[in-house]
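*Asks:* Have a look at this one.
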């Protein structure tokens, strides 16, 4: 497991750029992101090179930011790879709160899916046969 940042943003022009500008000024690399919107605000989820530094920098700029434990699962970059991961989770009766994926340029990981599971601690106890990446993922991405 590792930390994901969640930033709550007003639905106003330039707010995502404000976040990326803050991270850039602190030399924090953005590895993956997902954004969802509601009528009143957006939810920006990110995997970054230095989560603690990013949280401090964003809070200093008055952003509402939280962290959550997520897991990363490597998969092939070919048809059916995600389906295989999801089928394994279904067989284990593990429900997904949300997920997003990205293509990695690191030679060992073609594609990676970030998952937040319902009752994550309990779900992790049930998982078998699924490779889960942790801090080593961020370490590898930071080297690339």
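Residue numbers (this note's numbering): 1 to 144. The C-beta atom is built at its ideal place from N, Cα and C for all residues, glycine as well.
1. What does residue 64 pair with, by DSSP beta-bridge criteria?
2. Give me the Cα-Cα distance between residue 142 and residue 104, rounded to the nearest whole angstrom.
3. Report the three-state DSSP secondary structure of residue 92 (helix, strand or coil).
4. Report buried or exposed for residue 145, applying the criterion of at least 16 other Cβ atoms within 10 angstroms of its Cβ.
5. How would you label residue 39, buried or exposed, when you count the other beta carbons within 10 angstroms and need 16 or more for buried?
6. Could you spell out where the beta strand (DSSP E) holding residue 36 opens and where it closes?
7. Could you please give me the residues that DSSP links to residue 133 through a beta bridge?
8. Along the chain, where does the alpha helix (DSSP H) that runs through residue 16 open and close?
9. Take every Cβ of the region 12-24, pair it with every Cβ of the region 53-70, and state whether three or more of those distances are shorter than 8 Å.
10. Measuring only the C-alpha atoms, how far is residue 72 from residue 130?
11. Tell me where the alpha helix (DSSP H) around residue 108 begins and ends.
12. Please list the terminal residues of the continuous beta strand (DSSP E) segment that includes residue 1.
13. Would you mind working out which of 62, 30, 44 and 111 sits nearest residue 81, comparing C-alpha positions?
14. Spell out the partners DSSP gives residue 80 in its beta bridges.
*Replies:* Per the coordinate set shown:
1. Position 64 of the chain shown, counted from the first residue, corresponds to residue 64. According to DSSP, which records beta bridges pairwise, residue 64 is partnered with 8.
2. By one-based count along the chain shown, residue 142 stands at place 142. By one-based count along the chain shown, residue 104 stands at place 104. Each residue's Cα considered, the two are about 11 Å apart.
3. For this step, residue 92 is matched to residue 92 along the chain shown. Here residue 92 sits in coil by DSSP.
4. Coverage of the chain is limited to positions 1 through 144, which leaves residue 145 absent and any answer about it impossible.
5. As a working mapping, residue 39 is identified with position 39 in the chain shown. Exposed, since its Cβ has fewer than 16 Cβ neighbours within 10 Å.
6. By 1-based counting over the chain shown, the position of residue 36 is 36. Taken as a continuous stretch (DSSP letters only), the beta strand (DSSP E) holding residue 36 covers 30-37.
7. Counting from 1 along the chain shown, the entry for residue 133 is found at position 133. In DSSP, residue 133 forms a bridge with 72.
8. The residue you call residue 16 lines up with position 16 of the chain shown. Its alpha helix (DSSP H) spans residues 15-25.
9. yes
10. Start at 1 with the first residue of the chain shown, and residue 72 comes out as number 72. Start at 1 with the first residue of the chain shown, and residue 130 comes out as number 130. So the alpha carbons of these two residues sit roughly 10 Å apart.
11. Your numbering for residue 108 matches position 108 in the chain shown. First-last for residue 108: undefined, no H or E at that position.
12. Counted from its first residue, the chain shown places residue 1 at position 1. Per DSSP, residue 1 belongs to no beta strand (DSSP E) and is neither H nor E.
13. Here the question's residue 81 lines up with position 81 in the chain shown. The candidate whose alpha carbon is nearest that of residue 81 is 111.
14. For this step, residue 80 is matched to residue 80 along the chain shown. For residue 80, which the question treats as bridged, DSSP gives no partner whatsoever.
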